[in-house]
Amino acid sequence: MIYYIIIGILFAVILFLWLKYQGVKKRLDEKSNELQSLLNTSEKQVQFQQDFISILSQELRTPLYGIMGLTNLLAEEHPELKDDKKIKSLKFSGNYLLTLINNILQVSFLDNEEVTVQNTLFNLKDVTQNLVQSFSYATENSDNILHFDFDAEISQTVKGDPAILSQILMNLVSNALRFTKNGNVYFSVSLIKKKGDVSTISFKITHDGYEVSKEDQKSIYQEFINVENEKKWYLGTGINSRIVNRLAEAVNAEIIIQNNSHVGSEYVFVIDFKTQQVKEEQAHQNSVFEVNSGTKFKALIVDDNKLNLLVADKMLSKEQFDCTTIDNGFDAIKLAKENVYDVILMDINMPKLNGIGTTKRIREFDLKTPIIALTAVDVTQLNRQIIQAGLNDYILKPYNKNHLLEMIHKHIENSVLS
Numbered sequence: 000m001i002y003y004i005i006i007g008i009l010f011a012v013i014l015f016l017w018l019k020y021q022g023v024k025k026r027l028d029e030k031s032n033e034l035q036s037l038l039n040t041s042e043k044q045v046q047f048q049q050d051f052i053s054i055l056s057q058e059l060r061t062p063l064y065g066i067m068g069l070t071n072l073l074a075e076e077h078p079e080l081k082d083d084k085k086i087k088s089l090k091f092s093g094n095y096l097l098t099l100i101n102n103i104l105q106v107s108f109l110d111n112e113e114v115t116v117q118n119t120l121f122n123l124k125d126v127t128q129n130l131v132q133s134f135s136y137a138t139e140n141s142d143n144i145l146h147f148d149f150d151a152e153i154s155q156t157v158k159g160d161p162a163i164l165s166q167i168l169m170n171l172v173s174n175a176l177r178f179t180k181n182g183n184v185y186f187s188v189s190l191i192k193k194k195g196d197v198s199t200i201s202f203k204i205t206h207d208g209y210e211v212s213k214e215d216q217k218s219i220y221q222e223f224i225n226v227e228n229e230k231k232w233y234l235g236t237g238i239n240s241r242i243v244n245r246l247a248e249a250v251n252a253e254i255i256i257q258n259n260s261h262v263g264s265e266y267v268f269v270i271d272f273k274t275q276q277v278k279e280e281q282a283h284q285n286s287v288f289e290v291n292s293g294t295k296f297k298a299l300i301v302d303d304n305k306l307n308l309l310v311a312d313k314m315l316s317k318e319q320f321d322c323t324t325i326d327n328g329f330d331a332i333k334l335a336k337e338n339v340y341d342v343i344l345m346d347i348n349m350p351k352l353n354g355i356g357t358t359k360r361i362r363e364f365d366l367k368t369p370i371i372a373l374t375a376v377d378v379t380q381l382n383r384q385i386i387q388a389g390l391n392d393y394i395l396k397p398y399n400k401n402h403l404l405e406m407i408h409k410h411i412e413n414s415v416l417s
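Residue 185 in numbering that gives the first Met the number 0 sits at position 186 of the sequence shown, with consecutive numbering throughout.
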C-alpha cells in the first residue's frame, strides 16, 4: 500500500514539474520570439538608416562635385581671383561640407565595414598648405590667426592616402579653431625620424584660445556633441574622436591629445610615410606619355549630370586628353563600339541603364579599355558589383584632380604594356 502511495506521489511531482517546465518553456519561447522580432526590427531600422544616409550622401555629393569643380576651374582660369575672399569662401565651404559628409558616412558604416585606404603618390606640402588656406575665411571671421610651419627636411612627395590625412587634419584644426577666439592656432608638420625610404612625420596642432573646462573636454571627444550654446564663435561640429581614431588606425597612425587649461590644447598626429623623390614621381607619371609622345589620349566621359560632364571635360582637356562626353549608358555603348578610347570614365548612378550595366555590355566586345567608375555612392556597397562588371577602378566624387590623373595614367600604362 505504501509502495503505491510513494509511486503516486512521485508521479504527481513529476507531472507537476513537467507542467511547470512546459509553462516556463512556453514563456521562454514567447520571449525569444519577441526578442527575435525586436532584433529583426532593429536590424531593419539600422539598414534603413544606412541606406538613407548613403542616398542622402549621394544626393549631396553630386551637386557638391559641381560646385567644387567649378570653383577650382575658376581659380585656375583666372589667376587674379586666387586671393579673392569669395573664392576662398567657396573653397572653404566646399571642403568643409565634404568633410561633414565623410564624417556622417563614417559614423554610419564604421562598425560594419572596413575603411578603404588608397595608396597614391601625393605632395604632402601641397595637401597641408591647401588645408590651411581652406580655413582662411573661417579665421578672418573668428579673429584667429592660423600659423603654419612645414619642416624643410621632409621629402614632399610621399605615398599614402591624402583623403584620409585631410579628413583627420581638418577635424583637428577645426576643433582647435572651435575653441579659440581672438587667439592663435599653430599647425606644424615635422620630421621625427627617417629610416631608409620611410619617414615618421608628426602633425601638431596647438591653440592658446578659450580655456576648456573638464566637463567640456569630455563632450568634445564624444560624437557630434556641442558645448553650451553661449559659445557662439565655435566652428562646425568639432572633433569626432571615434571617426578620427578609426581613420588613424586604418593608416597605422596614432593621435595624442593633451589638454592644459592654462595654455589650451595640443593634438599630435603621428604617421609613417614612404617617401619618393620628385624626379621618380614625375618619371612615373610621364612614362605613359613617352609611349604615345606627340599624341592626345581619347577619353569617353559618361555622366547624366551636365555640370559634372563640363567639369570633367575641362579638367582633362587641359591635361593632354581629347574628351567625348555623353549623358546616358546606351549612347556610351554605341560610342564605345564605334570608337577606340584610351580610357572611359563611367558614372555609376544613371537612370535607365546605370554604370554597372553599361560596363557589363561594353565588356562583351571590349575587354581592354580601362573603365574607371566615378561615383557619389559609398563604394563599400559596390566593391563586388564593380569587380563583377569589369570596372578597373573607382574614384569617389568629389575627387582630387591629381588623384584622378594618376589613376588614369596607371591604367592606360597597364593597358599599353599588356
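Using N, Cα and C, we set each Cβ at its ideal position, and we do this for glycine too.
Residue i, buried or exposed, once every other Cβ within 10 Å from all chains shown has been counted against 16
i           : result
residue 364 : exposed
residue 40  : exposed
residue 93  : buried
residue 243 : buried
residue 369 : buried
residue 60  : buried
residue 37  : exposed
residue 316 : exposed
residue 281 : Low per-residue confidence applies at residue 281: pLDDT is 48, beneath 50, and the placement is therefore not dependable, though the value from the model is reported in the following sentence. Exposed, since its Cβ has fewer than 16 Cβ neighbours within 10 Å.
residue 224 : Annotation note: pLDDT 37 at residue 224 (below 50); position unreliable, coordinate value reported separately. By the 10 Å Cβ count, residue 224 comes out exposed.
residue 305 : exposed
residue 151 : exposed
residue 171 : buried
residue 63  : buried
residue 388 : buried
residue 25  : exposed
residue 65  : buried
residue 6   : exposed
residue 23  : exposed
residue 137 : buried
residue 336 : exposed
residue 27  : exposed
residue 167 : buried
residue 472 : An answer regarding residue 472 cannot be provided, because it is not within the stretch 0 to 417 covered by the chain.
residue 256 : buried
Coil, strand or helix - residue i by DSSP
i           : result
residue 179 : coil
residue 90  : helix
residue 402 : helix
residue 252 : coil
residue 117 : coil
residue 24  : helix
residue 125 : helix
residue 390 : coil
residue 273 : strand
residue 203 : strand
residue 396 : coil
residue 297 : strand
Own chain, CB closer than 6 Å to residue i, minus 5 neighbours either side, in chain order
i           : result
residue 302 : 308 and 346
residue 69  : none
residue 147 : 131 and 186
residue 297 : 321, 340 and 341
residue 211 : The predicted model places residue 211 with a pLDDT of 48, which falls under 50 and marks its position as unreliable, so this point remains unresolved.
residue 199 : 191, 192 and 271
residue 375 : 57, 60, 61 and 396
residue 203 : 187 and 267
Cβ shell of residue i (< 7 Å), same chain only, five flanking positions each side left out
i           : result
residue 273 : 157, 158, 196 and 197
residue 126 : 161, 164 and 165
residue 471 : No information on residue 471 is available, as it lies outside the stretch 0 to 417 that the chain covers here.
residue 90  : 70 and 133
residue 435 : For the chain, the structure presents residues 0 to 417; residue 435 sits outside this window and is missing.
residue 403 : 394
residue 14  : none
Neighbourhood of residue i by C-beta, 8 Å cutoff - its chain only, sequence neighbours within 5 removed
i           : result
residue 351 : 327, 328 and 329
residue 295 : 319, 320 and 321
residue 353 : 328 and 347
residue 16  : none
Supposed close pair residue i, residue j - CB separation, criterion 8 Å
i           : j           : result
residue 397 : residue 97  : 6 Å
residue 176 : residue 154 : The Cβ separation is near 29 Å, so there is no contact.
residue 405 : residue 120 : 7 Å
residue 143 : residue 184 : 6 Å
residue 395 : residue 358 : Not really, about 17 Å apart at Cβ, beyond 8 Å.
residue 87  : residue 135 : 5 Å
residue 249 : residue 116 : 5 Å
residue 201 : residue 269 : 5 Å
residue 355 : residue 332 : Going by Cβ atoms, the distance from residue 355 to residue 332 rounds to 13 Å, so no, they are not a contact pair.
residue 300 : residue 312 : 6 Å
residue 253 : residue 205 : That pair is no contact at about 17 Å.
Check: residue i C-beta below 7 Å from any heavy atom of the ligand GTP
i           : result
residue 123 : Looking for the ligand GTP in the displayed structure turns up nothing, as the structure carries no ligands at all.
Review point. Going along the chain, which unbroken runs of the alpha helix (DSSP H) with 4 or more residues stay wholly within the region 310-378?
Key: 328-337 and 354-361
Check your understanding: What runs of the beta strand (DSSP E), each 3 residues or longer, lie entirely inside the region 128-193?
Key -> Runs of the beta strand (DSSP E) inside the region 128-193: 144-149 and 156-159.
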